[in-house]
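Quick mapping for you: the protein sequence lines, in order, are chains G and A.
Under our numbering, the first residue of the first sequence is numbered 1130, with each subsequent residue one higher.
Under our numbering, the first residue of the second sequence is numbered 2, with each subsequent residue one higher.
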Amino acid sequence: GAGVSQTPSNKVTEKGKYVELRCDPISGHTALYWYRQSLGQGPEFLIYFQGTGAADDSGLPNDRFFAVRPEGSVSTLKIQRTERGDSAVYLCASSPRLAGYTGELFFGEGSRLTVL
Amino acid sequence: AQSVTQPDIHITVSEGASLELRCNYSYGATPYLFWYVQSPGQGLQLLLKYFSGDTLVQGIKGFEAEFKRSQSSFNLRKPSVHWSDAAEYFCAVASRNAGNNRKLIWGLGTSLAVNP
Chain G
1130 GAGVSQTPSN
1140 KVTEKGKYVE
1150 LRCDPISGHT
1160 ALYWYRQSLG
1170 QGPEFLIYFQ
1180 GTGAADDSGL
1190 PNDRFFAVRP
1200 EGSVSTLKIQ
1210 RTERGDSAVY
1220 LCASSPRLAG
1230 YTGELFFGEG
1240 SRLTVL
Chain A
2 AQSVTQPDIH
12 ITVSEGASLE
22 LRCNYSYGAT
32 PYLFWYVQSP
42 GQGLQLLLKY
52 FSGDTLVQGI
62 KGFEAEFKRS
72 QSSFNLRKPS
82 VHWSDAAEYF
92 CAVASRNAGN
102 NRKLIWGLGT
112 SLAVNP
């Protein structure tokens, strides 16, 4: 597709379960970001990939959260032992690697996670 | 600590009226400045950005923003609002010294409603 694709769009799970959220960035975009947006809040940075490696994972709230991008394209955000406080919209964004910084991120529509 | 403040949580304007959404930031130095819009069912989209130069920047959809260093502000304006402008608007900043990772710091957003 032309834009950033995130699946599933909605996920309802029970406390303690494991969840995977997938992001398919725009083809050719080397940078990929995960953000989390709680109700009434702005997006909160989680992790940034440049290629296959996590260049900055300082936003991951704890060790229950992990993300991978093994081939430098699709990324998966993994949440273990989910808690009710993990309920939020998880946003993925990508950007191309350009000679100069443009600042523009291209966002997907998000994956809404509800932990019961 | 770095922060972005959007003082207005919710604004309602009449179609055709002018609009100004406020944004103030707290940063060690002038950051990169952005306005994004989040429409229902759509991903965040960049409206405009300020990096340097002319402090009045033009964006898409008829929006503009003015950077005022003395006030640490980057207010968004539109001379005549259309019903399709109803959305959530986010102000964001990024560090000029972050290397390749320009993670964004976001405000809480301003929800805009447009009366016919």
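Glycine is no exception: its CB is placed at the ideal position from the N, C-alpha and C atoms.
How about residue i: is its C-beta nearer than 8 Å to some C-beta of chain A?
i: valine 1133 of chain G; result: yes
Could you check whether the Cβ of residue i sits closer than 7 Å to any heavy atom belonging to the ligand GDP?
i: cysteine 1152 of chain G; result: Absence of the ligand GDP from the depicted structure is noted, as is the absence of any ligand whatsoever, leaving it without description.
Take residue i as the anchor and find which of the options has the nearest alpha-carbon.
i: tyrosine 1164 of chain G; options: G:Ala1183, G:Gly1237, G:Leu1220; result: G:Leu1220
i: alanine 87 of chain A; options: A:Ser112, A:Ala2, A:Phe52; result: A:Ser112
i: leucine 1245 of chain G; options: G:Glu1212, G:Pro1199, G:Glu1200, G:Val1133; result: G:Glu1212
i: phenylalanine 52 of chain A; options: G:Glu1238, G:Phe1178, G:Glu1233, G:Ser1240; result: G:Glu1233
i: proline 1172 of chain G; options: A:Leu105, A:Ser27, A:Cys24, A:Leu57; result: A:Leu105
i: aspartate 9 of chain A; options: A:Leu49, A:Lys62, A:Gly110, A:Phe68; result: A:Gly110
i: isoleucine 12 of chain A; options: A:Gln72, A:Arg23, A:Gly54, A:Pro41; result: A:Arg23
i: arginine 1226 of chain G; options: G:Arg1151, G:Ser1138, G:His1158; result: G:His1158
i: tyrosine 1147 of chain G; options: G:Gly1182, G:Gly1239, G:Asp1215, G:Ala1131; result: G:Asp1215
Does chain G have any CB closer than 8 Å to the CB of residue i?
i: alanine 95 of chain A; result: yes
i: tyrosine 90 of chain A; result: no
i: tyrosine 35 of chain A; result: Before going on, a small fix: residue 35 of chain A reads as phenylalanine here, not tyrosine. With 8 Å as the cut-off, phenylalanine 35 of chain A counts as an interface residue toward chain G.
i: leucine 47 of chain A; result: yes
What residues of chain A sit near residue i, judged by a beta carbon separation below 7 Å?
i: proline 1172 of chain G; result: Trp107
Assuming residue i contacts residue j under a Cβ cut-off of 8 Å, what Cβ separation, rounded to an integer in Å, is found between them?
i: leucine 34 of chain A; j: arginine 78 of chain A; result: About 14 Å separates the two Cβ atoms, so there is no contact after all.
i: tyrosine 28 of chain A; j: valine 115 of chain A; result: Actually they do not touch by this definition, with Cβ atoms about 31 Å apart.
What in chain A is Cβ-close to residue i, meaning under 8 Å?
i: tyrosine 1162 of chain G; result: Lys104
Which chain G residues are close to residue i, counting only those with a beta carbon under 7 Å from its beta carbon?
i: glutamine 43 of chain A; result: Glu1238
i: glycine 110 of chain A; result: Gly1171
By Cβ distance, which residues of its chain are closer than 7 Å to residue i, with the 5 residues on each side in sequence left out?
i: valine 1246 of chain G; result: Chain G is shown from 1130 up to 1245; residue 1246 of chain G falls before or after that span and cannot be answered.
i: serine 1134 of chain G; result: Asp1153, Gly1237
i: arginine 70 of chain A; result: Thr31
i: glutamine 46 of chain A; result: Tyr37, Val38
i: leucine 57 of chain A; result: Glu65, Glu67
i: arginine 1210 of chain G; result: Gly1145, Arg1193
i: serine 1156 of chain G; result: none
i: proline 41 of chain A; result: none
i: serine 1167 of chain G; result: Ala1217
i: valine 5 of chain A; result: Cys24, Tyr26, Cys92, Ala93, Val94, Ile106, Trp107, Gly108
i: glycine 1180 of chain G; result: Thr1159, Gly1201
Run down chain A in chain order and give the residues with a C-beta less than 9 Å from the C-beta of residue i.
i: glycine 1214 of chain G; result: In chain order: nothing, as chain A lies at least about 18 Å away.
By Cβ distance, which residues of its chain are closer than 6 Å to residue i, with the 5 residues on each side in sequence left out?
i: valine 1141 of chain G; result: Thr1243
i: tyrosine 1177 of chain G; result: Tyr1162, Ala1184, Asp1185
i: serine 74 of chain A; result: Asn25
i: glutamine 3 of chain A; result: Tyr28, Ile106
i: glutamate 89 of chain A; result: Gln39, Gly110, Ser112
i: glycine 17 of chain A; result: Ser81
i: leucine 1150 of chain G; result: Leu1206, Tyr1219, Ser1240
i: threonine 1136 of chain G; result: Arg1151
i: glycine 60 of chain A; result: Leu48, Leu49
i: proline 117 of chain A; result: Glu16
Who are the near neighbours of residue i in its chain, counting only those whose CB is closer than 8 Å to its CB and skipping five residues on each side?
i: glycine 1132 of chain G; result: Ile1155, Phe1235, Gly1237
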